[in-house]
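Chains as they are written, first to last, in the working numbering: chain A, 1 to 260; chain B, 1 to 235; chain C, 1 to 411.
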């Protein structure tokens, strides 16, 4: 698996898209920091960007890579290699190279800005950790979609639909149901609703840092326990891990049964 | 060498292989023929474990292929369309496959044979179809495995390279290897193969030498023999 | 007030010429503070030497100066009130008073000033107390540099650190109060100055005004209280340069304004409070040059607030800048800096070319269904906020800052 990972990674690191992605984040970081000169504001803007864009890029890129490397995959399949190692290797190659672009692209301008001397370093690291988690989750979901759909156009369609659903539509439905059932105690429901969507989950993780003052204004005991202690942080990170692990298992499972 | 029993494969509603039995002994060149959609590629992919059969047993060199990948060390496979990662250079691709399968020194001779030297530092995305096919051939033949599977090996090759390929196949045969070939070029098949396996509607319709086929169909030449099978069955 | 103080000091100096000193210690003639007070004459100074004195109900009924040397301990053994001052011109300095009795019928205090003037209470340390310093109908006094450390757990059986009741012209400076019910509490007390105090970790309010007018509080720090400062039913209170921080919780505010009019709120900093300022039924208040940083809600307006002016404030990284529970607005927001402002300044005059709308639809939704707070910063919420911004339905449509600053305001 490590060998496949190595080749996928090298392959991607040389592809134009990694540079575009890297350059995009580099530019974003530079613009936010040096034109704006307000670290706290930069972190907030970055959060909005990361939560929306990272999943989008992760899915699109994952699906694209899968379809583009189809022949290569077939070449590999004829080699004495395990299927699970081929697909995990490719998945990790994509996820790691995307994460690298993200971390380096944002990290470099922030380091030049003097991040290490700033108190925002924790907020910033949390952002990068969340971004990395999202990359891993959405690349895995993209591989799942691509593995289940031979048709490229269909695959891309589902990928965009998935992103649209998790980034926007889910929250709309979530909000509507909270308002509809406002007469009932909702704190448990709202926390569960959050856990079921990785984008919401990462958002919560960031809210814990940026908006703790507002979150503590709510009365519910479960809310209070969740946001008032480290419990929320631990649960969120565990759930994010689950969100990585489950799709990865499905990749292995699907890959074992699939015909090429 | 290869033993297949009661092989079934269905792609959604399309039954491709239905109860195929095939025994291929050690040594010799076997051509797998059949009309479009008769299941040639599926059969080969089943052998390689790329397609997972619904039913049936396949063993290669006495070992069951199900859920195993190690047996593929004994197989050299030439895929039909060679579409390699376009960012890689030829040299790097060869190095990578060696890295994945184990080291070999045969590649140098093959590179010389197909005159690939000037292309080694070029990216695969910039190569012509024929050159790619040559690279593909190098990758296939550079491991000295007892079973060689060639899916449309002649695609895109110029006459000189074709002659070299034929020589190469004969050389491998002389080493006592078993070679499976699918091709649409009947003259090529007639020239190189010892035995043919004719697939029709997911089953083996005929297995034997070309002479046997000719006598069975009462046709003077190979091409007409094949054609007569097809017209008979489609009538 | 200054002239009065000066005459008081002059009187004090004159009397000092005749004054004698009385010493209280274990081996002295007077073994308790009480004995010392009884033996002393008007304007004497009593020196209390280091030691522990188990006393309560100490009545100071003549003008005396009581000075503790190296913090002698006055231990009330939880029996009742410890020192009660009923005379004018009393100074108490440098005592360590502990174990005030708790009662449900009487407000026992560590030190009480009753109907007296010209007192100074300074450098005291109070621990294990019910009420700390209780000024009852007192005037022209000074409470300076005391440290009050309570251990209050429940509101109903705990008292306040410094309490003023029908008192006037009191200066409360440089005190440190923690873990009591209200740090400092003023009821019917006017013309007081509360300056440079720290009030932290109190159950209810750091500072609490009820029916008190014309008071000033400035340069204080209120940290992690139930609510930093509550100003209720009061008029003309001036609030300058205070820091309100980390007042977190369901009903936690940096500053709570309820039924107050004509106040000045200037130069204050509100950091990391659940609600920076909660305003109810308050009119004609000027908010000038305050910083609102990282609060849940910088300002929450709940009904019936008219003619308030918010000018030149910085609103930085608050989850919500302003929240209204109705769509009627009679308050003016002008020339503030909003970190959430996304407009531009083409003519480079430092003022954004498009107005800023500080009330978001989402704040209205959260008011209605508090659980929805979990969707804060969701893309979906941004989209509906944007549509509300374009055509306001649920939020006041005239609530706009027409001159949003492009840069953080310095003063």
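Where is the CB? At the ideal position from N, CA and C, for every residue including glycine.
Does the beta carbon of residue i come closer than 8 Å to any beta carbon on chain A?
i	result
residue 275 of chain C	yes
residue 88 of chain B	yes
residue 343 of chain C	no
residue 29 of chain B	no
residue 85 of chain B	yes
residue 294 of chain C	yes
residue 95 of chain B	no
residue 355 of chain C	no
residue 79 of chain B	yes
residue 249 of chain C	yes
residue 51 of chain B	yes
residue 158 of chain C	no
residue 346 of chain C	no
Kindly list the residues whose CB is nearer than 6 Å to the CB of residue i, restricted to its own chain and excluding five residues on each side of it in sequence; keep chain order.
i	result
residue 125 of chain C	96, 147
residue 166 of chain A	197, 199
residue 56 of chain C	76, 79, 80, 82
residue 140 of chain A	247, 248
Going by DSSP in three states, residue i sits in which element: helix, strand or coil?
i	result
residue 259 of chain C	coil
residue 70 of chain B	helix
residue 142 of chain A	helix
residue 235 of chain B	Because the pLDDT at residue 235 of chain B is just 47, under 50, the model does not fix this residue reliably, and the value given afterwards should be weighed accordingly. Here residue 235 of chain B sits in coil by DSSP.
residue 208 of chain C	strand
residue 60 of chain C	strand
residue 164 of chain B	helix
residue 113 of chain B	helix
residue 119 of chain C	coil
residue 249 of chain A	helix
residue 224 of chain B	helix
List the endpoints of the continuous beta strand (DSSP E) containing residue i.
i	result
residue 221 of chain A	Where residue 221 of chain A is concerned, there is no enclosing beta strand (DSSP E), although the alpha helix (DSSP H) it sits in stretches over 221 to 228.
residue 7 of chain B	2 to 11
residue 29 of chain C	Run containing residue 29 of chain C: none; DSSP gives neither H nor E here.
residue 297 of chain C	297 to 302
residue 229 of chain C	227 to 232
residue 408 of chain C	Unbroken run through residue 408 of chain C: none, as it is neither H nor E.
residue 218 of chain C	216 to 218
residue 195 of chain C	193 to 195
residue 172 of chain C	171 to 173
residue 71 of chain C	Residue 71 of chain C -> no beta strand (DSSP E), and no H or E assigned at all.
Rounded to the nearest angstrom, how far is the Cβ of residue i from that of residue j, given a contact under 8 Å?
i	j	result
residue 29 of chain A	residue 105 of chain A	7 Å
residue 197 of chain C	residue 220 of chain C	5 Å
residue 110 of chain C	residue 100 of chain C	5 Å
residue 247 of chain B	residue 222 of chain B	The question about residue 247 of chain B has no answer here: the residues shown for chain B are numbered 1 through 235.
Taking 8 Å as the threshold (beta carbon to beta carbon), is residue i in contact with chain C?
i	result
residue 267 of chain A	With chain A covering 1 to 260 only, the question about residue 267 of chain A has no answer from this structure.
residue 209 of chain A	no
residue 140 of chain A	no
residue 190 of chain A	yes
residue 46 of chain A	no
By the DSSP assignment, the alpha helix (DSSP H) with residue i in it spans what residues?
i	result
residue 332 of chain C	From DSSP, residue 332 of chain C is part of no alpha helix (DSSP H) but of the beta strand (DSSP E) over 332 to 334.
residue 133 of chain B	129 to 141
residue 217 of chain B	210 to 217
residue 165 of chain C	No alpha helix (DSSP H) holds residue 165 of chain C; the beta strand (DSSP E) holding it covers 162 to 165.
residue 239 of chain C	Counting along the chain, residue 239 of chain C falls outside any alpha helix (DSSP H), though it belongs to the beta strand (DSSP E) covering 238 to 240.
residue 105 of chain A	83 to 113
residue 181 of chain C	Unbroken run through residue 181 of chain C: none, as it is neither H nor E.
residue 29 of chain A	16 to 30
Can you list, in chain order, the residues of its chain whose CB lies under 7 Å from that of residue i, leaving out five sequence neighbours each side?
i	result
residue 213 of chain C	190, 234, 235, 236
residue 341 of chain C	352, 356, 404
residue 235 of chain B	Residue confidence is low: residue 235 of chain B scores 47 on pLDDT, short of 50, so the model does not pin down where it sits. Its coordinate-derived value is still stated next. Counting only Cβ-Cβ distances below 7 Å, and skipping sequence neighbours, we find nothing.
residue 195 of chain A	201, 239
residue 365 of chain C	372
Does any residue of chain B have a CB that is nearer than 8 Å to the CB of residue i?
i	result
residue 23 of chain A	no
residue 38 of chain A	no
residue 41 of chain A	no
residue 69 of chain A	yes
Skipping 5 residues on each side, what residues in its chain have a beta carbon closer than 8 Å to that of residue i?
i	result
residue 71 of chain C	50, 94, 95, 96, 125
ask   = Taking a cut of 8 Å between CB atoms, which residues from the segment 65 to 90 of chain A lie near chain D?
value = The structure shown contains no chain D; its protein chains are A, B and C.
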